[in-house]
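Participant: Position in the sequence shown (first residue = 1) + 18 = the numbering used here.
Starting off with a structure, shown below.
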Amino acid sequence: MSSTGVVLPTMSTRDRAPGDVVAAARHAEDLGFESVWVVDQLIAGTGVPVLDSLTSLAAAAGATSRVLLGVGVLVLPLRSVVWVAKQVASLQHISGDRLLLGVGVGGDRHDRSWAAAGVSPRDRGRLVDEALGVLPSLIAGSPVDLGSGTVQLSPAATVPPIIVGGMSDAAVRRAAAFDGWFPIGGPSDIPALRQRVAKPLTTNAVVAVEGDPALPSRASIIRSLVDPDGMFGFPASFAEEALVHGGPAEVGERLAAFEADRVVITIAAGDWFRQAELLAEAAKLTEAARAR
Numbered sequence: 019m020s021s022t023g024v025v026l027p028t029m030s031t032r033d034r035a036p037g038d039v040v041a042a043a044r045h046a047e048d049l050g051f052e053s054v055w056v057v058d059q060l061i062a063g064t065g066v067p068v069l070d071s072l073t074s075l076a077a078a079a080g081a082t083s084r085v086l087l088g089v090g091v092l093v094l095p096l097r098s099v100v101w102v103a104k105q106v107a108s109l110q111h112i113s114g115d116r117l118l119l120g121v122g123v124g125g126d127r128h129d130r131s132w133a134a135a136g137v138s139p140r141d142r143g144r145l146v147d148e149a150l151g152v153l154p155s156l157i158a159g160s161p162v163d164l165g166s167g168t169v170q171l172s173p174a175a176t177v178p179p180i181i182v183g184g185m186s187d188a189a190v191r192r193a194a195a196f197d198g199w200f201p202i203g204g205p206s207d208i209p210a211l212r213q214r215v216a217k218p219l220t221t222n223a224v225v226a227v228e229g230d231p232a233l234p235s236r237a238s239i240i241r242s243l244v245d246p247d248g249m250f251g252f253p254a255s256f257a258e259e260a261l262v263h264g265g266p267a268e269v270g271e272r273l274a275a276f277e278a279d280r281v282v283i284t285i286a287a288g289d290w291f292r293q294a295e296l297l298a299e300a301a302k303l304t305e306a307a308r309a310r
């Protein structure tokens with residue numbers, strides 16, 4: 019499954035706590051997924067715990083040896099760029115250079131994160147541009163003048179691919195200057211998205227595969243996706259369109275329509291481990307469809 023990633027169970031719903039990230043990462047690697055990913059939120063919905071993204075990736079790194087490790091996407095304005103660089107360099111060292119560093123400005127929905135971090139969301143674009151201007155050099159261990167003095171971090175590390183998230187013109191500009199783009203869009207959007215940025219395209223699919231006894235009804239899944247205090251908070255019309263739901267063959271066929279360089283799959287509901295197994299089956303059907 020050379021181009022298929024899966025989001026680890028670091029986030030929860032109202033009726034499901036975060037899962038065993040270490041076991042999930044091992045399971046995904048054994049199933050042949052190209053990459054495992056984590057979401058990044060400081061404070062998610064009401065009563066919806068979400069584990070720290072980089073800590074979760076460190077745990078996954080120690081439990082695996084081959085699978086790539088992605089964060090999709092790290093909300094840069096909520097953090098000191100020096101600490102981000104230190105953590106990224108450490109993750110690269112621990113994992114053997116397996117990190118995929120998704121970065122972005124962050125969204126408006128979880129306003130409590132901005133308040134808790136003491137950062138104004140109005141400054142986020144400027145803060146991201148400033149961070150990206152020095153982040154690669156800091157990770158690489160080069161001396162960097164931060165205004166208050168020169169900083170040189172150790173250990174130095176290989177700079178991971180930097181994949182920019184977002185749909186704005188500013189996100190497009192940033193993606194064009196780095197290693198890839200992670201927009202939000204369905205299969206029908208991808209041709210137009212490719213016209214905007216001539217860099218590798220990563221996209222996300224929200225999936226629920228039948229064949230899992232723990233999978234609730236489609237209506238229940240949609241309610242979870244649109245819950246305004248939940249992890250997703252999708253508009254109802256978008257949730258109906260975005261959810262890829264069906265048996266492995268149907269899901270595989272729909273995933274084959276995502277003509278992106280990488281598809282990162284969010285498991286919408288059910289038992290994460292069983293869903294991952296069914297997704298692996300669907301992904302093999304996808305690869306077979308693309309080979310025809």
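Using N, Cα and C, we set each Cβ at its ideal position, and we do this for glycine too.
1) Hey, how far is the Cα of Ala158 from the Cα of His263?
2) Return the first residue and the last residue of the beta strand (DSSP E) that Leu86 is part of.
3) Provide the residue span of the alpha helix (DSSP H) that contains Thr73, from first to last.
4) Counting only runs that start and end within the region 187-251, where is the alpha helix (DSSP H) found for 4 or more residues in a row?
5) Compare the beta carbon distance of Asp230 and Gly288 with 9 Å and say whether it is the shorter of the two.
6) May I ask you to report which of helix, strand or coil DSSP gives Val57?
7) Are the beta-carbon atoms of Leu49 and Ala103 separated by less than 9 Å?
8) With burial defined as no fewer than 16 other Cβ atoms inside 10 Å of the residue's Cβ, what is the status of Trp290: buried or exposed?
9) What does the alpha-carbon distance come out to for the pair Val215 and Ile180?
10) Please return the same chain residues whose Cβ sits closer than 7 Å to the Cβ of Arg272, not counting the five positions on each side in sequence.
11) Tell me whether Val182 sits in a helix, a strand or coil according to DSSP, three-state version.
12) Output yes or no for whether 9 Å exceeds the beta carbon distance between Ser108 and Pro173.
13) Could you please give me the residues that DSSP links to Ile285 through a beta bridge?
14) Let me make sure I understand the geometry here. Which of Gly204, Leu243, Pro234 has the alpha-carbon closest to that of Ala278?
15) Going by DSSP, what residue range makes up the beta strand (DSSP E) through His263?
16) The ligand FAD and Ile112: does the residue's C-beta get closer than 8 Å to at least one heavy atom of that ligand?
17) Would you check if the distance between the CB atom of Gly270 and the CB atom of Ala223 is smaller than 9 Å?
18) Quick one: what does DSSP say Arg130 is sitting in, helix, strand or coil?
19) Relative to the C-alpha of Val56, which residue among Ala232, Gln105, Gly120 is closest?
20) State the Cα-Cα distance for the pair Arg142 and Ala306, rounded to the nearest angstrom.
21) Which residues does DSSP list as the beta-bridge partners of Val121?
22) Count Cβ pairs between the region 126-143 and the region 58-71 that sit closer than 8 Å; are there 3 or more?
23) Thinking C-alpha only, which one of Leu87, Val106, Trp199 is nearest Thr176?
24) What is the DSSP secondary structure of Asp163, counted as helix, strand or coil?
25) Helix, strand or coil for Gly23 per DSSP?
26) On a CA-only basis, which of Ile240, Leu211, Leu233, Ala274 is nearest Ala260? Give me that one, please.
27) Which residues in the same chain have their Cβ closer than 8 Å to the Cβ of Gly122, if we skip the five residues on either side of it in sequence?
28) With a Cβ-Cβ cutoff of 9 Å, do Thr22 and Val39 count as a contact?
29) Going by DSSP, what residue range makes up the alpha helix (DSSP H) through Glu52?
30) Sort Ser30, Leu86, Ala78, Ser74 by Cα distance to Gly63 and report the nearest one.
31) Quick one: what's got a C-beta closer than 7 Å to Ala76's C-beta in the same chain, skipping five residues either side?
Facilitator: Once the coordinates are examined:
1) CA-CA distance, Ala158 to His263, rounds to 42 Å.
2) Unbroken beta strand (DSSP E) run through Leu86: 86-93.
3) In the DSSP assignment, Thr73 falls within the alpha helix (DSSP H) that extends over 71-81.
4) Listed in chain order, they are 187-195, 208-214, 236-244.
5) Result yes, Cβ atoms of Asp230 and Gly288 sit closer than 9 Å.
6) Here Val57 sits in coil by DSSP.
7) Not in contact: Leu49 and Ala103 (Cβ atoms no closer than 9 Å).
8) Taking a 10 Å sphere around the C-beta of Trp290, we find 16 or more other C-beta atoms and assign the residue as buried.
9) If I take the Cα positions, the gap works out to 14 Å.
10) The residues are Val262.
11) Strand at Val182.
12) With a cutoff of 9 Å on beta-carbon distance, Ser108 and Pro173 are scored as near each other.
13) Per DSSP, Val225.
14) Nearest C-alpha to Ala278: Gly204.
15) Where His263 is concerned, the enclosing beta strand (DSSP E) stretches over 261-264.
16) In the structure shown, the ligand FAD is absent, as is every other ligand, since no ligand is present at all.
17) Against a cut-off of 9 Å, the Cβ pair of Ala223 and Gly270 comes out as no contact.
18) DSSP, read as helix, strand or coil, puts Arg130 in helix.
19) Closest by alpha carbon: Gly120.
20) Arg142 and Ala306: Cα-Cα distance of roughly 42 Å.
21) DSSP output for Val121 lists Leu92, Val182 as bridge partner(s).
22) Contact between the region 126-143 and the region 58-71 is present, because at least three Cβ pairs lie under 8 Å.
23) Nearest of Leu87, Val106, Trp199 to Thr176, Cα basis: Val106.
24) Secondary structure of Asp163 (DSSP, three-state): strand.
25) Three-state result, Gly23: strand.
26) The candidate whose alpha carbon is nearest that of Ala260 is Ile240.
27) Around Gly122: Val91, Leu92, Val93, Leu94, Val146, Val182, Gly183, Gly184, Ala189, Phe200.
28) No, these two residues do not count as a Cβ contact at 9 Å.
29) First-last for Glu52: undefined, no H or E at that position.
30) Per the C-alpha coordinates, the member of Ser30, Leu86, Ala78, Ser74 positioned closest to Gly63 is Ser30.
31) Excluding residues within five positions, the ones whose Cβ falls inside 7 Å are Leu109, Ile112.
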